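> Take this structure, written in structure tokens, and hold onto it; I'll ask about it next.
4 protein chains.
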Amino acid sequence: MTDFSSITGLLAEQAIELPSWAFGNSGTRFRVFPQAGVPRDPFEKITDAAKVNELTGLAPTVALHIPWDKVDDYGKLREHAEGLGVGLGTINSNTFQDQAYKLGSLASSDAAVRRQAIDHHFECIDIMNRTGSSDLKIWLADGTNYPGQDDMRARQDRLADSLGQIYARIGDSQRLVLEYKFFEPAFYHTDVPDWGTSYAQVAALGEKAFVCLDTGHHAPGTNIEFIVMQLLRLGKLGSFDFNSRFYADDDLIVGAADPFQLFRILVEVVRGGGYGKDSGVAFMLDQCHNIEKKIPGQIRSVLNVQEMTARALLIDRDALGAAQQAGDVLGANDVLMDAFYTDVRPALAEWRESRGLPANPMRAYAESGYQAKIEAERVGGDQAGWGA
Amino acid sequence: MTDFSSITGLLAEQAIELPSWAFGNSGTRFRVFPQAGVPRDPFEKITDAAKVNELTGLAPTVALHIPWDKVDDYGKLREHAEGLGVGLGTINSNTFQDQAYKLGSLASSDAAVRRQAIDHHFECIDIMNRTGSSDLKIWLADGTNYPGQDDMRARQDRLADSLGQIYARIGDSQRLVLEYKFFEPAFYHTDVPDWGTSYAQVAALGEKAFVCLDTGHHAPGTNIEFIVMQLLRLGKLGSFDFNSRFYADDDLIVGAADPFQLFRILVEVVRGGGYGKDSGVAFMLDQCHNIEKKIPGQIRSVLNVQEMTARALLIDRDALGAAQQAGDVLGANDVLMDAFYTDVRPALAEWRESRGLPANPMRAYAESGYQAKIEAERVGGDQAGWGA
Amino acid sequence: MTDFSSITGLLAEQAIELPSWAFGNSGTRFRVFPQAGVPRDPFEKITDAAKVNELTGLAPTVALHIPWDKVDDYGKLREHAEGLGVGLGTINSNTFQDQAYKLGSLASSDAAVRRQAIDHHFECIDIMNRTGSSDLKIWLADGTNYPGQDDMRARQDRLADSLGQIYARIGDSQRLVLEYKFFEPAFYHTDVPDWGTSYAQVAALGEKAFVCLDTGHHAPGTNIEFIVMQLLRLGKLGSFDFNSRFYADDDLIVGAADPFQLFRILVEVVRGGGYGKDSGVAFMLDQCHNIEKKIPGQIRSVLNVQEMTARALLIDRDALGAAQQAGDVLGANDVLMDAFYTDVRPALAEWRESRGLPANPMRAYAESGYQAKIEAERVGGDQAGWGA
Amino acid sequence: MTDFSSITGLLAEQAIELPSWAFGNSGTRFRVFPQAGVPRDPFEKITDAAKVNELTGLAPTVALHIPWDKVDDYGKLREHAEGLGVGLGTINSNTFQDQAYKLGSLASSDAAVRRQAIDHHFECIDIMNRTGSSDLKIWLADGTNYPGQDDMRARQDRLADSLGQIYARIGDSQRLVLEYKFFEPAFYHTDVPDWGTSYAQVAALGEKAFVCLDTGHHAPGTNIEFIVMQLLRLGKLGSFDFNSRFYADDDLIVGAADPFQLFRILVEVVRGGGYGKDSGVAFMLDQCHNIEKKIPGQIRSVLNVQEMTARALLIDRDALGAAQQAGDVLGANDVLMDAFYTDVRPALAEWRESRGLPANPMRAYAESGYQAKIEAERVGGDQAGWGA
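Residue numbers (our numbering), protein chains in the order written: chain A, 1 to 388; chain B, 1 to 388; chain C, 1 to 388; chain D, 1 to 388.
This is the structure:
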């Protein structure tokens, strides 16, 4: 296996973007359980995100969601972030919470609704220009609940047209990233349900359009790392939304449900040139901490990604290639498993300390008093959540 | 195939219980789209349910959900219902919306939380005594999101203990019906995830405890009619929660996603003695009309059940049995399919008219002016939904 | 709803290709149950296929599988077919039964194995030139069973190279059609697992390369009609392999597992211009009659496709479009369901008779004495199956 | 975390039964790829199994499959095994490969077929009496492919009757263990499809009847460790068939597809008293090494079980219980993950050496020359496989 010392340079390049909304309340259709200390505005969300970065060195940017994170003065928000050592990242649009979007947004059969949805994306691009964000991420809730409810083909054509109008506004150093999702909130058909559809749509747009792969957005049994490989091969993997799942889009902590799957995904990322500063592939989290505390939930998540990345980097690629070429099924698998079963935590703790970071960020957070502080201070006001 | 005239007696026995909550607003974790005309209180919900029964003759009772349908005077609610030609049915408890239930209710590791949840069921039984309801239906949201979060075995034992306390209060002419669900809102483990667990629990309770089968609560690919057969064979099928799904617990209109599956389920119900007045099996709907209008959604649903029941009753059981005994695979399947492909709608329309009901209840509703009336009248106040 | 008389012209265009291998023995990994009367050679297979066409008028061509259907003289085979009123259709290659293909064929890491697999396809094209077949269909069993066993990315690149070499031999009036499959016989990764991969590969080849959609080759819950719509929209739907499934690639009779799904698929086919003589979309069956008799199994299958096509054609497209445009969820769904629930069998029987075909082909076959005849005559010799 | 030295006593109790058929050829319905050196008879299978035990100390018994492992003199087979340091274990019946079983065996509608299947089990019990085996394991392939093909309820009743007759012959120190399976080779319904059905059937038989849980026999997404917990709680978990899967019943090496799932299963085994000499729970493998070498495939498998057992035993149960009781979601999960991420391989290697076993059994096998020897010696004869 590769020596740990030889991968520290690559590990130092790791950057995972945190979603502002992970710090707000979230839940299921049955109940949102509010938590003490939850931010009341985008500034407080960024403060919490910065705490995660402070303790891990892994989370230098924060993704915003519009309109949840709308503020009067984005310059001020940016300064606030930079003052805490983090930057503003991807702008996420929202096409699912306005009453107008009941039957769809960019794919709606109603021209006025499409207009509203397109204009919303123009607003997002305006915000990007002010925040300095480079990526516009579009996750579409569009779909139908009943067969026949709408014409899927016409919707796909309208979607292409809407995306084209948005893409035309994307700046030279900006990107449009289109996410796909197997189902939910639509229960019969979803307008961008799989990587093939997202790929076909962004390929038609042009060079600044990419696919976003959310690890929780696939049919049961889907080999996700294969899709990672394919999108990298096709030059169209723009970003990841990391999380994990046992059933549907559970939005659990990345690596919690199937750590070996996360490892295999990162193996393909590294193999396909999707890792590191110049890869063009953004690592983001998209999770819901419905019952666990949010800040340690985020810390745990970035550590999980880091630990699995380390294992993926440790693979003895020469030995692997030799076994593969020899048709040695068990031998090749063993090389992979050897890296997976390696306990990288002690080496990472040591390396973290050498960079002035706490050896154990989870413990450091628990001992920091930060949680007690925000729970005491953030009383009154409206807690942030998906609705606002 | 059996002659239609020979099944009208059985069709006349059909009774489908409507859920009060289907008339209120519902949605996904992303958005609840409120609809015009939605009831503001339990009385208005029952008024809407009675309209469904008036037009179809199929829905003589309404299930209540506590606390959503709590009123000061249940006698008054009962009179209201009876004045409109319907009765009050199953009482559904709620163990998922109180902040105390964040980590579980009847299976919680916190004795005080279990006490609260048990007491809530005592209250439900008190209400049953006042409404004259015979069934207490328990759907438990209990479960965990992360491996290790709690001890599954201890939870199962605590659940058994809690159910035992509740069962001890069930009256001689009452029943406890325990629903199971594959997942949601818990994403790692659910305390009553499958029919086997529900069966084991109710078998331990005694003769007045039964299983409730919600058609949307199974793993992908599950043969639901097999479970229907097995529970009838074991004498433990208490009731159905009908709805349909393409993916998870989508709660779509029953029969909308897979009409052939609904047919096969009803074939086993009829085969196993689960149909008709004295069967002891209650037919209920449990659906969410997130984007379609609620009252016609319910009308469509009960008609779907009726139409499929008619097809199931029309099967030529002699021909089927003969082909099965002969090992004639295609012949036996053909007998079944012959009934499924029969268009029973004209005969049902005629029969409906012969009983003083509209031939086409969907059209009758559309032409009744009822929707316009409630949309005009029900302005102001708090619309009913899952939260209240 | 549209009048039946207005769709008879379109129905007359229906042509469904039968797979020669459906007449041979098949089974599961646990057991192949041989059946009496099964063909011993390609000539007898075609004789059986012609019987299906004789009784239904729906199956004018037979697909061949190489090497299972290799003969010394393809001209003679063609004459045999034409003498029975049918033609030879698609040539299917086989890259899964030679010992050399244990770890893959066109994607293998072994250059000699790839050479063998490519040469096999050259041979198939030679056969096409002799049989007059226009389509070369490639279903690849390639994949791996264990993570790390081989490099997925390198395999994809090698696959592209191999396909390119084969494509270069495809004649001007010929087509290469690439099938995808979710899994089996590979259990970790499959080299062409989804429509997106097949699409990306054939798009890179050129205008004579298309995707083949096998209705049993998807992840649980996949909306197949969406893929039909998308491939038609992208101009890359080459053909269907029809069958049905409850679990994996069960290869049951088309329409047997989920008739409503078959209907929805055909609705999108018609909607997207995929139906009829000039559509460029080939309808084929790909099924295994493991326990039911093979010839009536094929008759039942083509009738199922015909009946569902009739229902799809009967949809009142104007009413559907109006309801969709109005956002009338239940109304639009009702228009679709009205066609689905229509019993087209009597009208089809009548129309069949008007064309000199038996009203009930299943019964006509049973009464024809053909089955008894082949069971008596085809004694001795090696029954056809997947192995030979 | 618990100290490794404190678990070595428990590790020494580990015994994993090997399936004789894992050493023979196996494959998919598409192809069985024969391998060099494969045994030609039950004696050679046991020789190979003994080699696995020699190198690992983990596999003291071998399961037999009747009729595949029928011999004239079971005493001689037993002596052969004991001479190599292993014993004969579970007897597995076969109700899927006789032509008579085409439409079922113990559940068949044909009394003569049921008689044949029951008599086959009587023969198995006779063999158990001669081999000294204590467990009769029944996996039933019974089911149907098409709705209506047979009466599921009648089949279930006939199955209960057949099992009752077999159970009546089971000796006082013997057990009947009934396996369940989600699907395959039946594609519409399976007569014992889930743990609930197996549980209901064995509970009706009596105290010597138990459930066998095959880890590859569940619907997608099923929480298997929950079933382990429940069956242990109900006192009915008789044995495991270990293997792993990505899709269906892939029969891959245990732990290969989802190592974390294997860990969670073993955590529940330990928690519920299912581990160790007196637990009454038998650990068996049931796998197919279709493309990898069989003996190292088995070695890898038992090592995977051992390594995961070690991790499960290492859990700090006190810390876990404290975090669970405190409702500390992340803390409790962390305790579990800490054990999972621990690399137990060095400690196991050391411990193995201390017991006179090779530190690395995989390497020891590779260097032993055994593979070359059997490949050279086992030439000619009929290789063992599923058919013989």
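We put the CB at the ideal spot given by N, CA and C, even for glycine. As the structure is a prediction and not an experimental result, all values here were calculated from the model.
Give a yes or no on contact between the stretch 73 to 83 of chain C and the stretch 128 to 146 of chain C, applying the rule of three or more CB pairs nearer than 8 Å.
yes
> List, from N- to C-terminal side, the beta strand (DSSP E) runs of 3 residues or more that fit wholly inside the stretch 5 to 80 of chain A.
Runs of the beta strand (DSSP E) inside the stretch 5 to 80 of chain A: 16 to 19, 61 to 65.
> How should D/E292 be labelled, buried or exposed, when 16 other C-beta atoms within 10 angstroms of its C-beta is the threshold for buried?
Counted from its first residue, the fourth sequence places residue 292 of chain D at position 292. Classification for D/E292: buried.
> Chain C beta carbons: is any one of them nearer than 8 Å to that of A/F187?
Taking the first residue of the first sequence as position 1, residue 187 of chain A is located at position 187. No, A/F187 lies away from the interface with chain C (no Cβ there is under 8 Å from its Cβ).
> For chain D, find out if any of its Cβ atoms is closer than 8 Å to the Cβ of B/A388; answer yes or no.
Residue numbering aside, residue 388 of chain B sits at position 388 when the second sequence is read from its first letter. Legend: pLDDT at B/A388 = 49, less than 50; position of this residue unreliable, no value from coordinates given.
> Whose C-beta lies closer than 7 Å to the C-beta of D/G380 among residues of the same chain, with five residues either side of it excluded?
Your numbering for residue 380 of chain D matches position 380 in the fourth sequence. Same-chain partners within the cutoff: there are none.
> So who's on the other strand from D/H189, going by DSSP bridges?
Looking up residue 189 of chain D in the fourth sequence gives position 189. DSSP lists D/T144 as partners of D/H189.
> Using a Cβ distance threshold of 8 Å, determine whether the stretch 259 to 269 of chain D contacts the stretch 367 to 386 of chain C, with at least three qualifying pairs required.
no
> Going by CA-CA distance only, name the one from A/V305, A/Q35, A/R29, A/G206 that's closest to A/L18.
Taking the first residue of the first sequence as position 1, residue 18 of chain A is located at position 18. It is A/V305 whose Cα lies nearest to the Cα of A/L18.
> In terms of DSSP beta bridges, what is B/N92 paired with?
As a working mapping, residue 92 of chain B is identified with position 92 in the second sequence. Answer is B/H65, B/K137, bridged to B/N92.
> What's the gap between the Cα of C/W195 and the Cα of C/V211?
Translated into positions along the third sequence, residue 195 of chain C becomes position 195. Translated into positions along the third sequence, residue 211 of chain C becomes position 211. Straight-line Cα distance between these residues: approximately 7 Å.
> Given this structure, state the Cα-to-Cα distance separating D/K335 from D/V329, to the nearest angstrom.
As a first step, residue 335 of chain D must be located in the fourth sequence, where it is residue number 335. As a first step, residue 329 of chain D must be located in the fourth sequence, where it is residue number 329. For the record, residue 335 of chain D in the displayed sequence is Val; it is not Lys. Between D/V335 and D/V329, the C-alpha separation is close to 10 Å.
> Hey, is B/Q14's beta-carbon within less than 8 Å of any beta-carbon in chain A?
Looking up residue 14 of chain B in the second sequence gives position 14. Not closer than 8 Å to any Cβ of chain A, the Cβ of B/Q14 fails to qualify, so no.
> Using the three-state DSSP reduction, which class does A/E350 fall into: helix, strand or coil?
Numbered from its first residue, the first sequence carries residue 350 of chain A at position 350. In the structure shown, A/E350 sits in a helix (DSSP, three-state: H, G or I).
> Name, please, each residue of chain B whose Cβ falls closer than 7 Å to the Cβ of C/K293.
Residue 293 of chain C sits at position 293 when you count from the first residue of the third sequence. Result: L330.
> Name the residues in the stretch 209 to 229 of chain B whose C-beta lies less than 8 Å from a C-beta of chain A; which are they?
P220
> Counting only the same chain and skipping the five closest in sequence on each side, list residues whose C-beta sits under 6 Å from that of D/V113.
Indexing the fourth sequence from 1 puts residue 113 of chain D at position 113. Answer for D/V113: A100, listed in chain order.
> From the DSSP output, read off the bridge partner residues of A/V211.
Here residue 211 of chain A corresponds to residue number 211 of the first sequence, with the count starting at 1. Answer is A/L178, A/L237.
> Rank B/R317, B/A312, B/F183 by C-alpha distance to the C-alpha of B/D249 and give the top, closest one.
Start at 1 with the first residue of the second sequence, and residue 249 of chain B comes out as number 249. For B/D249, the nearest C-alpha among the options comes from B/F183.
> Tell me, please, whether the CB atom of B/Y341 is closer than 8 Å to any CB atom in chain D?
As a first step, residue 341 of chain B must be located in the second sequence, where it is residue number 341. Output row for B/Y341: interface = no.
> Measuring CA to CA, which of B/G235, B/R155, B/E82, B/W21 is closest to B/A63?
By one-based count along the second sequence, residue 63 of chain B stands at place 63. Ranking the options by Cα distance to B/A63, first place goes to B/W21.
> Can you find a CB in chain D that lies within less than 8 Å of the CB of C/G327?
Residue mapping note: residue 327 of chain C aligns to position 327 of the third sequence, counting from 1. No - not a single Cβ of chain D is within 8 Å of the one on C/G327.
> Does DSSP put D/L357 in a helix, a strand or coil?
In the fourth sequence, the residue the question calls residue 357 of chain D occupies position 357. Correct three-state label for D/L357: coil.
> Residues in its own chain within less than 7 Å of C/V52 by CB, not counting five upstream and five downstream?
Residue numbering aside, residue 52 of chain C sits at position 52 when the third sequence is read from its first letter. So the qualifying residues of the chain are L18, A59, I295, Q298, I299, V302.
> Is it right to say D/G24 is buried, meaning 16 or more other beta carbons lie within 10 angstroms of its own, or is it exposed?
Your numbering for residue 24 of chain D matches position 24 in the fourth sequence. Buried, by the Cβ-count rule.
> Along chain B, which residues have their Cβ under 8 Å away from the Cβ of A/F246?
Counting from 1 along the first sequence, the entry for residue 246 of chain A is found at position 246. By Cβ distance, chain B contributes F183, F187, Y188.
> Candidates C/D278, C/R153, C/L77: which alpha carbon is nearest C/G87's?
Here the question's residue 87 of chain C lines up with position 87 in the third sequence. Of the listed residues, the one whose Cα sits closest to C/G87 is C/L77.
> For the candidate residues A/L176, A/G276, A/L285, A/G221, whose alpha-carbon lies nearest to that of A/L10?
As a position in the first sequence, residue 10 of chain A is number 10, starting the count at 1. Answer by Cα proximity: A/G276.
> Using the three-state DSSP reduction, which class does B/A388 fall into: helix, strand or coil?
As a first step, residue 388 of chain B must be located in the second sequence, where it is residue number 388. Residue placement at B/A388 is flagged as unreliable, the pLDDT there being 49, under the threshold of 50; the coordinate-derived value follows with that caveat. Coil at B/A388, not helix or strand.
> Beta carbons nearer than 7 Å to chain A: which residues of the stretch 22 to 40 of chain B have them?
G27, T28, R29, F30, R31, F33
> Whole alpha helix (DSSP H) runs in the stretch 246 to 331 of chain A with 4 or more residues, listed along the chain?
259 to 271, 294 to 314, 317 to 325
> Apply the 10 Å Cβ neighbour rule to C/S5 and answer buried if 16 or more other Cβ atoms are within range, or exposed otherwise.
For the purposes of this step, residue 5 of chain C is taken as residue 5 along the third sequence, with counting starting at 1. It is exposed - the Cβ of C/S5 has fewer than 16 other Cβ atoms within 10 Å.
> I want to see whether chain B comes within less than 8 Å of D/L103, judged by CB atoms only; does it?
Sequence index remark: in the fourth sequence, residue 103 of chain D carries index 103 (1-based). By this cut-off, D/L103 is an interface position.
> Quick one: residues in its chain with C-beta nearer than 6 Å to the C-beta of D/V177, no 5 flanking neighbours on either side, listed in chain order?
In the fourth sequence, residue 177 of chain D corresponds to position 177, counting from 1. Taking C-beta separations shorter than 6 Å and ignoring five residues to either side along the sequence, the partners of D/V177 in its chain run D135, K137, F210, C212, G238, S239, following chain order.
> Per DSSP, what kind of secondary structure is B/G83 in: helix, strand or coil?
As a first step, residue 83 of chain B must be located in the second sequence, where it is residue number 83. The answer is helix: DSSP assigns B/G83 an H, G or I state.
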